[in-house]
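**Student:** First to last, the protein sequences are chains H and F. For the first sequence, the residue numbers in my numbering are 3 to 42. For the second sequence, the residue numbers in my numbering are 5 to 498.
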Amino acid sequence: MTQAKRSPAAAPRTLGHFAWTALWWGIAIGALWQLALVLL
Amino acid sequence: MQSIPILRTAAGSKLTSLIRLSLHQATVLCGLVLVSGVLATECWRYLRLDAYIDHIEGNVVIGGWLLVHGVPLYALQDGITQFTGVYGPLAYLAVVPGLLLDGPGVIASKVPGVLALLAALGLTAFRFRRGPPMAAAQGLFLLVAGFAAVSPTSFWTRPDPFEALLVAAALATAASPICVGICIGLAVNFKIHAFLYFLPILMELWWRRGWRAAPPLIACAATTFLIPFLAPGVSLPDYLATLKQVVGGRSHTGALLALVSAYSVAFALPVLLPLCARQIPAADRRYGVATLATLALLAYPATLSGGGPYQLLPLLPILAEARKRLRPDGIGAEFAVFPLLLFAAATAHVALAQMQERQTWHAYADEALALAREAPPGTVDIGYGDNKRSYDIAELVKTELSLHGNPRWVDAQILMELREIGVDGSRRWVPYLTECRVGRWLMPRGEEPFAVRSHFYDDGLVFDDAFRAAFTANYHPVAESAHFTIWECAHDPS
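Set out below in structure tokens:
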């Protein structure tokens with residue numbers, strides 16, 4: 003596959019990308035956990 | 005992206021594709037369900053609680069109830085407001101249907117506010133039924149999470165839930181300048197600065213229809229704003245005089261800046277991140293930018309003393325609309341509502357604890373009503389003690405007394421507002437004491453009389469020395485009940 007045909011999904015993953023993803027998963031899971039504690 | 009095939013049937017690929025969710029989408033739906041459950045729990049507990057959780061709620065109810073019984077709403081006394089704050093007449097009238105339908109009582113007065121919240125949610129969900137389901141879910145997620153993050157202000161007995169409903173209604177009828185004008189007029193009647201919440205709708209209307217939309221919109225807004233002032237007992241000049249005094253004298257407070265900024269960022273992210281993340285149509289980009297600009301503008305009223313993040317609440321339907329249009333994609337944009345859930349968890353925790361603490365408070369009101377029935381109607385009032393808890397209980401008891409034939413003579417809440425603008429409001433009430441116009445005072449037992457402080461502002465004494473001296477000089481304790489000391493006139497009132 004040439005560079006021009008590469009889709010965005012196939013773009014190389016950087017450290018920043020993983021950090022960004024980990025940050026949002028952390029916030030999401032933390033928030034869901036806190037809300038569940040309120041209901042329980 | 006990894007997908008979770010929830011259902012595979014031979015019934016067709018359409019149904020399968022509808023419920024085939026990515027992990028991100030499933031997490032978002034999980035958040036939506038959970039935060040809806042928290043908000044529903046709070047509303048239910050609030051409706052079942054026979055007490056208020058804010059000190060102004062009772063005064064709104066008293067104002068509305070006395071107005072429909074012929075007492076002027078914006079009465080001035082020595083040129084300053086007697087009891088009423090900065091809200092327009094609809095803020096007081098909106099709670100009256102609950103009282104008229106179910107009889108005067110605390111729970112009945114709360115029903116309209118909760119219904120307004122549910123109507124705003126229902127109207128938005130109904131409007132979002134068209135279009136991509138996940139974009140609609142993302143919009144709704146922001147709306148519900150935002151309402152939960154500022155709870156209990158999203159369903160309390162003050163103007164905010166009604167304003168959110170009017171903004172949602174304006175969005176539903178955004179193509180019609182007449183309908184938008186009606187919504188703006190009603191909202192501005194609730195609170196004078198409420199036109200700010202409609203700026204993105206107005207921007208879009210102007211973009212599509214130009215200045216032609218202005219005349220019918222302005223005419224309808226002005227007319228609907230003025231109509232409630234035609235009611236007997238509602239004076240527009242007195243309202244404007246009160247507004248000029250109470251709002252004009254206020255200053256910004258740094259104490260609210262950090263909190264309002266944190267909420268503003270949490271409200272902005274769900275629109276800002278999708279706005280940055282992908283190519284979007286120019287009209288939707290414009291709408292998103294206008295929404296964020298309006299949010300920034302609202303920091304001004306929100307940081308005035310007495311304000312707070314709840315001033316941002318009526319913008320939530322517009323933020324939700326912008327998020328739906330921007331169709332969030334990518335983890336940052338899709339998960340941008342989750343920080344709001346952290347606020348929602350914290351506020352729900354506090355609100356539910358407050359409700360738990362106040363469950364037994366109505367016993368004070370029942371006891372006060374029994375003591376009031378022993379005296380001629382209209383001659384009994386509750387006084388104040390020396391701490392915040394007894395102040396909050398006194399505001400609840402004052403509401404029940406006013407709803408049952410003993411209208412308030414004095415009120416500490418309006419004194420706090422007046423004190424904030426440098427006015428000593430208690431001095432004008434000294435003749436009530438020297439002439440023993442109030443036959444019986446119910447004072448919190450074991451507390452120093454009228455030593456309540458301005459807990460929400462500068463912590464100074466609310467009733468001045470002259471008032472307190474007049475009280476102890478003209479009244480003396482005659483009996484005690486479980487929670488109150490009864491003070492009666494120490495000399496012949498004539």
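Heads up, the beta-carbon is just placed ideally off N, CA and C, and yes, glycines get one too.
Measure from the C-beta of residue 7 (chain F) to each C-beta in chain H and report whether the shortest distance is under 8 Å.
**Tutor:** Only weak support is given to the placement of residue 7 (chain F): the predicted model assigns it a pLDDT of 46, under 50, and the value that follows is read from those uncertain coordinates. At a cut-off of 8 Å between beta carbons, residue 7 (chain F) makes no contact with chain H.
**Student:** Taking just the CA atoms, how far does residue 307 (chain F) sit from residue 195 (chain F)?
**Tutor:** If I take the Cα positions, the gap works out to 16 Å.
**Student:** My understanding is that residue 61 (chain F) touches residue 161 (chain F), with C-beta atoms under 8 Å, so please give their C-beta distance in whole angstroms.
**Tutor:** 4 Å
**Student:** Which two residues bound the contiguous beta strand (DSSP E) that contains residue 35 (chain H)?
**Tutor:** Here residue 35 (chain H) belongs to no beta strand (DSSP E); instead the alpha helix (DSSP H) covers 17 to 41.
**Student:** Just the Cα atoms here: how many angstroms apart are residue 175 (chain F) and residue 388 (chain F)?
**Tutor:** 45 Å
**Student:** Quick check on residue 142 (chain F): buried or exposed, where buried means 16 or more other Cβ atoms within 10 Å of its Cβ?
**Tutor:** buried
**Student:** Taking residue 54 (chain F) and residue 366 (chain F) to be in contact with their CB atoms under 8 Å, please state how far apart those CB atoms are, rounded to whole angstroms.
**Tutor:** 4 Å
**Student:** Considering just the uninterrupted stretch of the alpha helix (DSSP H) at residue 388 (chain F), what are its terminal residues?
**Tutor:** Going by DSSP, residue 388 (chain F) is part of no alpha helix (DSSP H) at all; its letter is neither H nor E.
**Student:** Starting from residue 295 (chain F) and walking both ways along the alpha helix (DSSP H), at which residues does that stretch end?
**Tutor:** 286 to 301
**Student:** CB residue 44 (chain F) to CB residue 341 (chain F), shorter than 8 Å?
**Tutor:** no
**Student:** From what residue to what residue does the beta strand (DSSP E) around residue 486 (chain F) run?
**Tutor:** Residue 486 (chain F) -> no beta strand (DSSP E), and no H or E assigned at all.
**Student:** Between residue 342 (chain F) and chain H, is the shortest Cβ-Cβ distance under 8 Å, so that the two count as touching?
**Tutor:** yes
**Student:** Specify whether the region 279 to 286 of chain F and the region 115 to 125 of chain F touch according to this definition: at least 3 beta carbon pairs, one from each stretch, less than 8 Å apart.
**Tutor:** no
**Student:** Quick one: does residue 17 (chain H) have its CB under 8 Å from some CB of chain F?
**Tutor:** no
**Student:** Which residues in chain B have a C-beta closer than 8 Å to the C-beta of residue 30 (chain H)? List them in chain order.
**Tutor:** Structure shown: chain B not included; protein chains present are H and F.
**Student:** Only counting runs of 4 or more residues, tell me where the alpha helix (DSSP H) segments fall wholly within the region 170 to 253 of chain F, in order along the chain.
**Tutor:** 181 to 194, 203 to 213, 218 to 230, 240 to 252
**Student:** Which value, in whole angstroms, describes the spacing of the CA atoms of residue 37 (chain H) and residue 444 (chain F)?
**Tutor:** 48 Å
**Student:** Determine whether the Cβ of residue 348 (chain F) lies closer than 8 Å to any Cβ atom of chain H.
**Tutor:** Yes, because at least one Cβ of chain H sits closer than 8 Å to the Cβ of residue 348 (chain F).
**Student:** In angstroms, rounded to a whole number, what distance separates the CA positions of residue 229 (chain F) and residue 79 (chain F)?
**Tutor:** 20 Å
**Student:** Excluding the 5 residues preceding and the 5 following residue 410 (chain F) in the sequence, name in chain order all residues of the same chain whose CB lies nearer than 8 Å to its CB.
**Tutor:** 376, 381, 382, 383, 384, 385
**Student:** Beta strand (DSSP E) containing residue 445 (chain F): first to last residue?
**Tutor:** 444 to 448
**Student:** Determine whether the Cβ of residue 8 (chain H) lies closer than 8 Å to any Cβ atom of chain F.
**Tutor:** In this predicted model, residue 8 (chain H) has a pLDDT of only 46, less than 50, meaning its place in the structure is not dependable; the value taken from the coordinates is given anyway. Output row for residue 8 (chain H): interface = no.
**Student:** So, using beta-carbon positions, are residue 317 (chain F) and residue 299 (chain F) closer together than 8 Å?
**Tutor:** Note that the C-beta distance between residue 317 (chain F) and residue 299 (chain F) is not below 8 Å.
**Student:** Of all Cβ atoms in chain H, is any one closer than 8 Å to the Cβ of residue 206 (chain F)?
**Tutor:** Interface criterion not met: the Cβ of residue 206 (chain F) is under 8 Å from no Cβ in chain H.
**Student:** Following a CB-centred definition, is residue 410 (chain F) positioned closer than 7 Å to any heavy atom of the ligand ATP?
**Tutor:** Summarising the ligand content, the structure contains no ligands, and the ligand ATP is consequently not present.
**Student:** So which residues on chain H does residue 42 (chain F) lean against when the C-beta distance must stay under 7 Å?
**Tutor:** 37, 40, 41
**Student:** Just mark residue 20 (chain H) as buried or exposed, buried being the case when its beta carbon has 16 or more other beta carbons within 10 Å.
**Tutor:** exposed
**Student:** Note down the Cα distance separating residue 346 (chain F) from residue 353 (chain F), rounded to an integer number of angstroms.
**Tutor:** 11 Å
**Student:** Taking only beta-carbon positions, decide if residue 39 (chain F) is within less than 8 Å of chain H.
**Tutor:** yes
**Student:** Which runs of the alpha helix (DSSP H) fall wholly inside the region 12 to 94 of chain F and span at least 4 residues, in chain order?
**Tutor:** 17 to 22, 27 to 52, 61 to 72
**Student:** Could you tell me whether the region 92 to 99 of chain F touches the region 63 to 73 of chain F, where touching means 3 or more Cβ pairs closer than 8 Å?
**Tutor:** yes
**Student:** From the DSSP output, in three-state form, read off residue 256 (chain F) for me.
**Tutor:** strand
**Student:** Hey, how far is the Cα of residue 400 (chain F) from the Cα of residue 494 (chain F)?
**Tutor:** Cα to Cα, the separation comes out at about 27 Å.
**Student:** Of all the CB atoms in chain H, is at least one closer than 8 Å to the CB of residue 345 (chain F)?
**Tutor:** yes
**Student:** Check residue 494 (chain F) in the structure and name its three-state DSSP category.
**Tutor:** For residue 494 (chain F), the three-state secondary structure derived from DSSP is coil.
**Student:** State yes or no: is the beta carbon of residue 336 (chain F) nearer than 8 Å to at least one beta carbon in chain H?
**Tutor:** The beta carbon of residue 336 (chain F) falls within 8 Å of a beta carbon belonging to chain H, placing the residue at that interface.
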